[in-house]
Structures are given as C-alpha cells and as structure tokens.
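So the sequence shown is numbered by our numbering: it starts at 580 and just counts up by one.
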Amino acid sequence: MQILLVIPRYNLTNEANYQYVFPLGLGYISSVLKKAGYSVDCLNLNHLNGKIEDIIIRALNVKKYDFVCTGHTGIGYVIVEKIISIVRSHESRPKIIIGGALVTSEPKLIFENLKPDFAILGEGEATIIELLKAIEKNEDLKKINGLAYWSKDEKIIFTQQREPIKNIDSLPVPDFEGFGFEKKLENECNNFDIYNLFDHPRTYPILSSRGCPFQCTFCYHTLGTKYRMRSIDNVMDELNKAVKKYKINIINIFDDLFSMDKKRLYQFCKRLKKLINEVPWECKWECQLSVNTVDKDMLMTLKDAGCHAISFGFESYSSEVLKSMKKPISPSQIDKALKLSMEIGLSVQGNFIFGDIAETKETAKETLDYWKKNCSGQIKLGFIQPYPGSVVYNHCIKKGIIKDKLYFIKNKISHTNWINMTDNMTNKEIEKLKQDILDARRKYASYILPLNIKKSNKNRYNLLVKCPYCNEKTNYKNCLIENKSHYAMHVSCRKCHMRFFVVSRLYKLGVDYYEKLDFFRRSYLLVRDNFLKKRI
C-alpha cells in the first residue's frame, strides 16, 4: 500500500511558512505506519511555495497512492475541505482518511459534509493500522473501534469508541524527519516572545503524557480523559537523541498536566538538567503547570534545570466563574503562582478569558482589575471560544447562539470572533467589556520603539531594544517583519524575562493617541445612534 500523509498549510498565503507548531499527531501516525512496514510519503504544505492545488496534484502525478491522510484541529475545516476536494478530483482516486480534533469533536457533522472515505476518531495509532490490515484482508470494519466509514448503501457507520492506549511508551517517536523538520528549524525566526531567548530558536515539541481527567467547560480532549504518563526513561531517550541530532535549544513540553505527579516532575528536572549540561550549546525548556500544584521549591527546581518559561491556565480571577468553568483552582492560587514565577525570574505565559456562561459585569471587573494591578501586561486577555465538543459549544447550540453548526465551524470559529454566550450580560454589556479589554491592553502593556532597526535579509531584521522593566539593552536578531512601517512584536527580555511589545513608530502613535482617537470614535457612535433613533 502506498500512503501519502499531508500536513495542512496553516497560513493563508501561497508562500512557504515555517512559523507553526509541528503537529505531533500526524508525526505519530507516520511513525506507526512506517514501523508496520507501509510505504509512506509525507507532504508538508507549509514548506512549499505555490498554490496547494498545484502542490498536491504534482505529488499525486508522481506516484499512485492508495490512501491520502490528513487532519486538523477544530478550526481547520476550510483547509481540510480544500485538500479533500483536490485529492478527490485527481484521476488516481486514492481513498481519503481524516483524523484529529476536527472530526473527533463533531464526527457526524464533519464526516457527512467532508465525505472522506474513513475517519479516525480519537487516538489514531492503533486504529489506522487495524484499518489498513482489515482492508488488505477484506475483513469487516465493524470490529475496528474508533472508526467512521460508509456502508455499501452509503450510510455512515460509527464503530464503538476506542479505549485509550494504556502503554504510551509502546509508541515510536513522531516522524519529524519525514515532514522536513530540519528545514523548519533552519528557518525559524525570533518572533514569538518565549522563543526569542535565542536569535535562532530551534524548538522541539514533545508530549510526555496524554489525556486530561478534568472537565473544564471550554476544553475538548481529543486524546481522551484518561491521564497516562510516559516513563522518564522513555521521554529522556527521545530528548537525548533529538536534542543532539537537531541541535535543539528550546524544548517545548506540551503536557496539560506536567505537574500532576510532583515526584515525576523532580525526576524529570534532574535528568533533563544532566542532558542540557552535556551539550556544548545553551538549551532551555518550557512547560505548562497548574497553579494548584505550584510552590516556590518547584519553581526554583524548574529554573535550576533550565526551564525559562511557564504557561499557566489562569482563565479568570473570579471564584464564581472558575467554578462555572469547572476549573479546580482558586484566585489565591493564581496570585501565588504568578507572583512566585515573576519573583524567581521565569517568563510567564497565561490567559484570562472572559465571557463564560456565568460571567457578569462584576466578575469581569474583578478579573480585569486584578490584571491591571498585578500582571504588568504579562498575561493575555481574550474571550472564551466555543470549540466543538466543549460544554460551552453545546451550551451555545442549546441556547440558539450557534444556529448553524457547520457555518460556525467553517466561518466563525476563531480567536478574534467574540460572541455573547453568557446568561447574565446583554450584547451591549459584552461590547462594552470588549472595549474595556482593548483599552486595558493598550494602557497597561508596554509598547516601545526599537533603539535601532537594521535589515539583515529579505524580511528579517535586527532590533536593538531597551527593556522597559530592567533597562537591559539587547540586540534581537532574525526578527520576521512583513511591514516595517507597521508592526508589533511580542518580546521577552533575556535578562529579567518580562514581556513587552516592540513596535513601529506608526503603531506607537496609534497606541499613544488611542484615548483621543477613541473619544472621537465613541462620540461618533453616540451621535449616529441618536440620529438613527430619531429616524425610527
């Protein structure tokens, strides 16, 4: 069997783009297929210039494939639809298999609209091997758990849910090489705040565990709710080989619950510190922690082992909203984790997300007031997104906020589309909250001009910057800037690890005069609304 795996393009242009997070899911699928002896080619659309129609057709013209496999998160409908359409139009007519959160979170809706030949629901490593073997032997597909396919009379068949893989140590390392990982590393720029510790970041993503037993209302767990950990030996074997092979200088641990087992965390720190000390270049790492597990000793141990940045899921500073979200944390734990991390000198990444079902004007003010007073612009502000499969998504459907699920998934789901899903706030109050958040971002975050900016090649620049917190001057090289006259780059100081924005002069003028411009904007809206009322 000849199999083509396709990583979707994550940007909207026809140019190669290397600033994306490597999709570990397809990496694992490639590895298990190759281990099972199948002939696999990998096509990473992000690394190629040109229209994706031309790229895919060219690949299908070179070799006759039996299967083409792709997948995406819940926001990737349009690109997956396009890939399927291109593949289906080719005369070779390979069978199409899709997977990932996109189809797992809304299986019936996505399957009947995209119409792939097969869909793998949940963890796919065992399912895809069983599927291919069953097809080879012409066996009944109903016995394969975690699968969707078409019956002979063109009805959708969903098999039983697949149990999570118990021993995830049994899985091979993701196939980075097949998807051109070295090319990605060579072209990574120094733009993302927690990565710009180095002018030429070489970032390695890894999962040391799978699943999450918690039921946060805004989350959907594609890998299931059963929490499973890899052994430290297994994780370190992967890292030892990868760091040395690819000369990695930033390790990104994507575990949702990295601090779930404190004993394991301390063992990991000890082993990773040893590995970092063995390589002749500076190497740092970052992870995600839950605030209800954090103490000073843990953070000091992490920093001593080379950790430079931590991501926290703060979400809200209101105990009422946290309870509604089913977040098992408290405002006091958030405050402790934030202040300890900043005191110790770790770069902090986190979010406060507004608009929960239980949000009110008072709870939103509680969170925003805390952010203004304590966060120094370090924590991002945004609105909850109703991702398919989540509790808030189902709430929006039940309340009629999302009237057409497919239209919403295709056109509306994004990080910038804020909707009112609350039980307690009017649309006007939500609009006011949105404006308050934008006002706070501009007023309390730090926006500075570079002391000097110099072009190094094409759209890469070197920026000499003075940190607004510690006054350290740093020359950030290899910064990707598409428009020199209007840009904003989020930077983390290499000395104090505080985060701020380096912006163009035009952007800074917009920030500095925002209040004056906003006064005229609000005045215009008030006059317009009064005029319209008189006409009614």
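Every residue, glycine too, gets a C-beta built ideally from N, C-alpha and C.
Local Cβ density within 10 Å of residue i, reported as buried at 16 or more and exposed below that
i, result
"R1084", "exposed"
"M879", "exposed"
"S955", "buried"
"N623", "buried"
"N1036", "exposed"
"R672", "exposed"
"K762", "exposed"
"G616", "exposed"
"S969", "buried"
"N769", "buried"
"T942", "buried"
"N625", "buried"
"P859", "exposed"
"T683", "buried"
"N1057", "buried"
"S897", "buried"
"E594", "exposed"
"Y1066", "buried"
Three-way DSSP call (helix, strand, coil) for residue i in this model
i, result
"C886", "strand"
"S895", "coil"
"Y986", "helix"
"P784", "strand"
"I976", "helix"
"I1115", "With a pLDDT of 47 at I1115, under the threshold of 50, the modelled position of that residue is not reliable, and no figure is offered here."
"A689", "The sequence shown places Ile at residue 689, rather than the Ala named in the question. Here I689 sits in helix by DSSP."
"L901", "helix"
"K991", "helix"
"L960", "strand"
"L681", "helix"
Short Cβ contact (8 Å threshold) for residue i with residue j
i, j, result
"K984", "E685", "yes"
"K906", "E894", "yes"
"S926", "A884", "no"
"K863", "I829", "yes"
"Y1040", "I1060", "yes"
"M1000", "C975", "yes"
"G655", "I677", "no"
"V1082", "L1030", "no"
"R807", "G790", "yes"
"I522", "D1002", "Nothing about residue 522 can be read from this structure; the chain reaches only from 580 to 1115."
"D645", "I586", "no"
"G757", "S609", "yes"
"G725", "I708", "no"
"I635", "I665", "yes"
"Y799", "Y949", "no"
"M580", "L711", "yes"
beta-carbon residue i near the ligand ADP non-hydrogen atom, thresh 7 Å
i, result
"K630", "In terms of ligand content, the structure shown is empty, and the ligand ADP therefore cannot be addressed."
Quiz prompt | Continuous alpha helix (DSSP H) assignments of at least 4 residues falling wholly in the stretch 1066 to 1098 | solution = Runs found: 1084 to 1091.
Exercise. Spell out a yes or no on whether the stretch 1045 to 1054 and the stretch 1068 to 1084 are touching, meaning 3 or more CB-CB pairs, one atom from each, closer than 8 Å.
Key: Because the criterion of three Cβ pairs below 8 Å is met, the stretch 1045 to 1054 and the stretch 1068 to 1084 touch.
Quiz prompt | Completely contained alpha helix (DSSP H) runs for the stretch 695 to 770, where each covers 4 or more residues | solution = 704 to 715, 760 to 766
Quiz item: In the stretch 996 to 1058, which residue ranges form an unbroken beta strand (DSSP E) of at least 3 residues, counting only runs that do not cross its ends?
Solution: When DSSP assignments are scanned along the stretch 996 to 1058, the uninterrupted stretches of beta strand (DSSP E) that are 3 or more residues long and fall wholly within it turn out to be 1031 to 1036, 1039 to 1045.
Quiz item: Along the chain, which unbroken stretches of the beta strand (DSSP E) at least 3 residues long are found entirely within the stretch 600 to 677?
Solution: Within the stretch 600 to 677, the runs of beta strand (DSSP E) at least 3 residues long that lie entirely inside it are, in chain order, 618 to 623, 646 to 650.
Self-check item: Sequence ranges, alpha helix (DSSP H) only - wholly within the stretch 809 to 895, length at least 4
Solution: 811 to 825, 841 to 857, 875 to 883
Quiz item: Is the stretch 741 to 748 touching the stretch 794 to 808, taking contact as three or more C-beta pairs under 8 Å?
Solution: With contact defined as three or more Cβ pairs closer than 8 Å, the stretch 741 to 748 and the stretch 794 to 808 are in contact.
Practice problem: Taking only runs that begin and end inside the stretch 912 to 954, name each unbroken alpha helix (DSSP H) of 4 or more residues, in chain order. | Solution: 940 to 953
Quiz prompt | the stretch 747 to 759 in contact with the stretch 594 to 606 per 3-pair CB rule at 8 Å | solution = yes
Practice problem: Could you tell me whether the stretch 633 to 641 touches the stretch 721 to 736, using the rule of 3 or more Cβ pairs below 8 Å? | Solution: no
Quiz item: Taking three-plus beta-carbon pairs below 8 Å as touching, is the stretch 824 to 839 in contact with the stretch 778 to 797?
Solution: With the rule of 3 Cβ pairs closer than 8 Å, the stretch 824 to 839 counts as touching the stretch 778 to 797.
Quiz item: So, do the stretch 913 to 925 and the stretch 1012 to 1020 have three or more beta carbon pairs nearer to each other than 8 Å?
Solution: Between the stretch 913 to 925 and the stretch 1012 to 1020, the count of C-beta pairs closer than 8 Å stays below three; the two stretches do not touch.
Exercise. Answer yes if the stretch 850 to 865 comes into contact with the stretch 815 to 829, meaning at least three C-beta pairs across the two stretches below 8 Å, and no otherwise.
Key: Contact between the stretch 815 to 829 and the stretch 850 to 865 is present, with at least three C-beta pairs closer than 8 Å.
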